[in-house]
Amino acid sequence: MNINGTSGTPGLNVNELFNSGLDSISSKGKDLQAKMTEMLGKDEVSPEDMMALQFEVGQYNAMLESLSSVTKSMTDMMKSLAQRTG
Numbered sequence: 004m005n006i007n008g009t010s011g012t013p014g015l016n017v018n019e020l021f022n023s024g025l026d027s028i029s030s031k032g033k034d035l036q037a038k039m040t041e042m043l044g045k046d047e048v049s050p051e052d053m054m055a056l057q058f059e060v061g062q063y064n065a066m067l068e069s070l071s072s073v074t075k076s077m078t079d080m081m082k083s084l085a086q087r088t089g
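Using our numbering, read the sequence shown as starting at 4 and increasing by one per residue.
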């Protein structure tokens with residue numbers, strides 16, 4: 004990931020970071036949906052398959068919680084800055 008802004012100047016581009024996180028979560032969600040659909044089509048699902056799916060759902064949940072936490076922190080920081088300057 005590039006930490007330079009879109010103009011090439013040094014700095015963190017928060018929009019790119021957020022979009023990258025959303026893309027990653029979206030991709031993981033689609034993969035999980037496909038895997039669940041595949042498992043629903045089987046006559047019998049092994050405990051190993053269920054454990055693997057549970058682990059992947061846990062990873063997806065952790066990604067979602069992380070992005071949510073970062074978003075909330077940024078929102079709170081912006082509100083605080085706005086109150087100080089207003």
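Glycine is no exception: its CB is placed at the ideal position from the N, C-alpha and C atoms. Only a predicted model underlies this, so the values are computations on that prediction, with no experimental measurement involved.
- Gly24 sits in a helix when the DSSP states are folded into three classes.
- DSSP, reduced to helix, strand and coil, places Gly14 outside both helices and strands of the structure shown, so it counts as coil.
- Rounded to whole angstroms, the gap between the alpha carbons of Glu68 and Ile28 is 10 Å.
- A Cβ-Cβ distance of about 6 Å is found for the pair Glu59 and Leu35, placing them in contact under the 8 Å criterion.
- No residue range can be given for Ser49, since it is assigned to no alpha helix (DSSP H) and is classified by DSSP as neither H nor E.
- Residue state for Gly61 is assigned as helix, using DSSP reduced to three classes.
- When only Cα atoms are considered, Glu41 and Ser23 end up about 27 Å apart.
- The shortest CA-to-CA distance from Asn16 to any of Thr88, Met77 and Ser72 is the one to Met77.
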